[in-house]
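Under the working numbering, the first residue of the sequence shown is numbered 214, with each subsequent residue one higher.
Quick reminder that beta carbons are idealized off the backbone N, C-alpha and C, glycines included.
Note that the coordinates shown come from a computational prediction; the quantities given were computed from them, not determined experimentally.
One structure is given here, and the rest of the page talks about it.
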Amino acid sequence: MTSAFPMPEELVVAGGRPLRGTVRMPGCKGISHRALLLAALAEGRSRVTGAASAADVASTLGLISALGVRIAPGGDTLDSHSPGADGLVEPARIVDCANSGSTMRMGAGLVAGRPFLTVLAGDESLSRRPMRRVVDPLRAMGAAVDGRAGGELAPLVIRGGALDGVRHDLAVASGQVKTALVLAGLQARGTTEIREPAASRDHTERMLEALGAPVDRIDARTLRVGPGRLLPFEMTVPGDPSSAAFVIVAATLVPGSEVTIEAMSLNPGRIAFLDLLRSMGAVLEVRPAGEELGEPVGDVTVRAAPLRAARIPASEAIIDELPVLAVAAAFAEGITEITGAAELAVKESDRIASVAATLRAFGVGVETAPDGLAVRGGRPRPATVDSHGDHRIALAGAVAALACDGESRIRDWPAVSVSYPQFERDVEALRRGA
Ligand code: S3P
């Protein structure tokens, strides 16, 4: 995996040193993907500043470039020149989505509206992840979509065009699938209605509303999308709350820490983990500071504090933070139960198994169930752990390591490139600030 940030194969962490100072997260990954995909549909020049320099976002850049969008990077700003939806071209080669579920699933919705063939492939992890949740609804709109195992697994082969708006009653709540269907709906004839079993993250709706696109929220779980052309736009991507969660938990756990995260997304569907950490005893201050294309943005300050166990019911609003919340639980007083989290098993790794393996290596008592974990809090000891090729497991291991006295090692560390390549640099700066 290549990255602008030099990265050892194995991260060595000497734990126990406080983190102090101010830091900015990489641009929110979810918003970065969406901004680039919307820019591809909007004829003309869109400017996206602060998009994550993460490998996942590079995959989406690769997809829109293959579709004929010209990207001119200039420092932290990406200038995207799109010929507009009707001018997009058939990719000459298989599009490599690498590890990025968002590129594949959201991208499938974008290309389903185009009258040409697109093949979306991914790495080993992505090739194991469920795709029928996006394939079936796109088929219902008239796209010809195939994939391994009858369309359940990538590579996906999509011949799009001439979509009809339909009413979708989705079996799984998923921000990625909803976004795919919105992107398809904007290109379809008639109205597309998307009904989810639970509300998923709403970045796409917020951005489209801010752009004046034909998107109506009927209620928290139902969305209506009409056909429409998008106008080009400019935006600065707020910091990623899911990346911030790692720094926030580390600062909570290491005595003497005090960290401010600047300009992060305060989207209510993304910061539920802050309330959960508060219920465990974390000391957090949230200061809203404005909006960016419909996204609330602000600063969060965290101070070290002892934690107690909690009951954590998983939801779409908290799923990506569960690995690091499990680390918080490992240092808390009592037994924390994470429930309703079956989706964890089909993320970049089986995160029920990989979180349990990571915490057990640190000497933590963990029990697993098909839909969750029970974590016995205590005094974890330094360990050598593996990322399981999963960025959030690598980062969760690093946070546990920062909070232990002594030296730990995280193997296959470059997995962090997927979402937070500058984690080591940020932590070093914060430890120097102490
Ligand atoms: C995402 C939605 C979630 C999340 C993923 C990003 C998004 O996935 O886990 O990291 O940006 O919409 P699902 O759509 O599979 O729930």
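The region 536-606 contains, as complete beta strand (DSSP E) runs of 3+ residues, the segments 548-552, 578-582, 585-589, 597-599 (chain order). Contact check for I407 against L424 fails: the beta carbons are separated by 7 Å or more. In the assembly as shown, S272 is a buried residue. Its beta-carbon has 16 or more other beta-carbons within 10 Å.
In this model, G322 and R247 are separated by some 12 Å (Cα to Cα). Beta-carbon to beta-carbon, L538 and F486 are separated by about 6 Å, close enough to satisfy the 8 Å threshold.
With fewer than 16 other CB atoms across the displayed protein chains lying within 10 angstroms of its CB, V302 is exposed. Restricting attention to T581, G240, P440, the CA atom closest to the CA of Q400 is found in P440.
Each of T449, A522, A356 was checked against the Cα of E504, and the nearest Cα belongs to T449. Its Cα nearest to that of T392, the residue R318 stands out among G228, P219, A587, R318. Secondary-structure assignment with DSSP links H381 through a beta bridge to I407. G378 is positioned such that its CB atom lies no closer than 7 Å to that of A356.
Taking each of D584, F575, V598, T597 in turn and checking the Cα distance to G590, the smallest one comes out for F575. Cα atoms of S567 and T262: separation of roughly 34 Å, rounded to the nearest angstrom. For V496, the enclosing beta strand (DSSP E) covers residues 496-505. DSSP places P350 in the helix class (H, G or I) of the three-state scheme.
In this structure, the beta-carbon distance from A433 to P410 does not fall below 7 Å. Around the beta-carbon of R306, fewer than 16 other beta-carbon atoms lie within 10 Å, marking it exposed.
The beta-carbon distance between P239 and D453, rounded to whole angstroms, is 6 Å. This is short enough to meet the 8 Å contact definition.
Residue side-chain check: G388 places its Cβ nearer than 6 Å to a non-hydrogen atom of the ligand S3P. The beta carbon of L274 sits closer than 7 Å to those of L249, I284, all from its chain and outside the five residues before and after it, given in chain order.
A530 is not a Cβ neighbour of T465, given a cutoff of 7 Å. Judged by beta-carbon spacing, D584 lies within the 7 Å limit of A555, meaning their Cβ atoms are closer than that value.
C-alpha of D359 to C-alpha of L339: approximately 16 Å in a straight line. Distance between G578 and S455, taken at the CA atoms: about 25 Å. Around the C-beta of L520, 16 or more other C-beta atoms lie within 10 Å, and the residue is accordingly described as buried. For K242, the CB contacts under 7 Å within the same chain, skipping 5 residues up- and downstream, are A265, A267, D269, V270, D453, S632 in chain order.
Here E546 is exposed: its Cβ has fewer than 16 other Cβ atoms, across all protein chains shown, within 10 Å. Here S313 carries a coil assignment [DSSP, helix/strand/coil]. If you check the C-beta of I431 against the ligand S3P, you find no heavy atom less than 6 Å away. C-alpha of Q635 to C-alpha of V347: approximately 32 Å in a straight line.
Check the Cα spacing between T316 and each of G326, L333, R327: the tightest is with L333. In the structure shown, G322 falls within a helical segment according to DSSP collapsed to helix, strand and coil. Placement of the Cβ of D533 at a distance of less than 6 Å from at least one heavy atom of the ligand S3P is found. Distance from the CA of T597 to the CA of V236, rounded to the nearest whole angstrom, comes to 27 Å. With a cut-off of 6 Å, the C-beta of G243 is classified as near the ligand S3P, since at least one heavy atom of the ligand falls inside that distance. Taking the C-beta atoms as reference points, L436 is found no nearer than 7 Å to R442.
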